[in-house]
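What follows is a set of notes on a single structure, which appears directly below.
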Amino acid sequence: MSKTKSKAAETDGISPIEYMITAISGMLDGLAHVAVGARSPIPGSAAHLAKARSGRRLRVSILGSRKHSSFTDGARELFDCAGQGRIDAFFLSGGQIDGKANINLVGIGDIAAYPRAEVRFPGSFGSAYLYYVVPRVILFHQEHSPRVLVDKVDFISAPGTSPPDVFRPGGPYALVTPLCVFRFDRTRARFTLASTHPGVSVADVRAATGFDYDEPDSVPVTPAPSAADLALLRGEVARAVADTYPAFAAKAWGIGRA
């Protein structure tokens with residue numbers, strides 16, 4: 042854990058969170074409509090950045106935001122839009138994520154004893170449904186450690202893959218952490234290390250990951266955000282994010298601090 046934290050450090054004035062945001066935003070280029078959960082400030086920032094970079098052609102709907110959502114009926118409208126194929130990307134995280142992209146939002150330990158499990162998570166909140174119907178689901182987590190990225194989740198809140206005879210237009214696309222980017226192969230039900238953030242080695246990632254994954258002979262470094270992207274991120278995007286996620290914007294960029 043300490044090793045993970047020491048490696049997820051600021052590089053050339055760019056924080057690990059900013060690397061996560063810009064990596065995710067690049068996965069949204071060319072999409073029409075991106076939806077974001079009420080407690081997902083990193084994907085929310087990425088969506089705002091992609092929107093700003095697209096000349097505002099990208100539609101961004103942030104659940105619970107009065108200013109940055111076209112939904113008038115909250116989660117019910119989100120689920121309807123997703124079921125109709127009108128949302129191109131969504132974001133999920135979990136208390137545990139395993140190598141088959143299963144996520145656990147219920148708890149750790151003897152789940153049969155729920156709600157008296159060892160550790161309780163906040164709940165699934167429709168994640169299993171959205172995981173099935175949204176074409177591009179990007180997983181993320183701010184902690185990259187074996188206790189989060191596990192070999193097998195204690196409880197499957199939302200499965201990463203389904204049997205071949207199950208109709209499933211949606212599913213996992215990538216996993217982004219403070220250390221790296223993984224891509225997910227739905228056919229093989231397996232992650233591949235796509236890039237490591239600056240200052241992080243492939244050995245660091247391997248040591249901090251509890252599940253097995255594929256690793257190419259040469260793993261590139263995650264591209265640093267461009268000067269233009271950083272200007273957008275720390276200006277226009279930070280102000281937009283502060284409207285929905287004020288505590289996050291204050292911590293990440295000092296927006297709203299007295």
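Following the working numbering, the numbering of the sequence shown begins with 42 at its first residue and continues without gaps.
Here a beta-carbon is modelled for each residue, glycine too, at the ideal position from N, C-alpha and C.
(request) Could you tell me how far apart the beta carbons of V278 and A93 are, in whole angstroms, since I believe they sit closer than 8 Å? (result) 6 Å
(message) Does F112 come out as helix, strand or coil in the three-state DSSP assignment?
(response) coil
(request) Compute the Euclidean distance between the alpha carbons of E51 and F131, then round it to the nearest angstrom. (result) 27 Å
(request) Indicate the three-state DSSP secondary structure (helix, strand or coil) for A130 in the structure shown. (result) strand
(message) Only counting the same chain, and skipping five residues up and downstream in sequence, which positions put a Cβ closer than 7 Å to that of S267?
(response) Result list for S267: empty, nothing under 7 Å.
(request) In angstroms with no decimal places, state the Cα-to-Cα distance between K108 and D284. (result) 8 Å
(message) Tell me the rounded alpha-carbon separation between D121 and A244.
(response) 43 Å
(message) Tell me the rounded alpha-carbon separation between A290 and T250.
(response) 28 Å
(request) Sort out for me which residues DSSP pairs R231 with in a bridge. (result) In DSSP, R231 forms a bridge with D226.
(message) Can you tell me whether S203 is helix, strand or coil according to DSSP?
(response) In the displayed model, S203 falls within coil according to three-state DSSP, outside both helix and strand.
(request) Name, in chain order, the residues that DSSP records as bridge partners for F166. (result) None, per the DSSP bridge assignment.
(request) Just confirm the distance between the C-beta atoms of M68 and A215, as a whole number of angstroms; I'd bet it's less than 8 Å. (result) 6 Å
(message) I believe V75 touches A64 by the beta-carbon criterion, under 8 Å. Please report the beta-carbon distance rounded to the nearest angstrom.
(response) Rounded, the Cβ-Cβ distance is 15 Å, inconsistent with contact.
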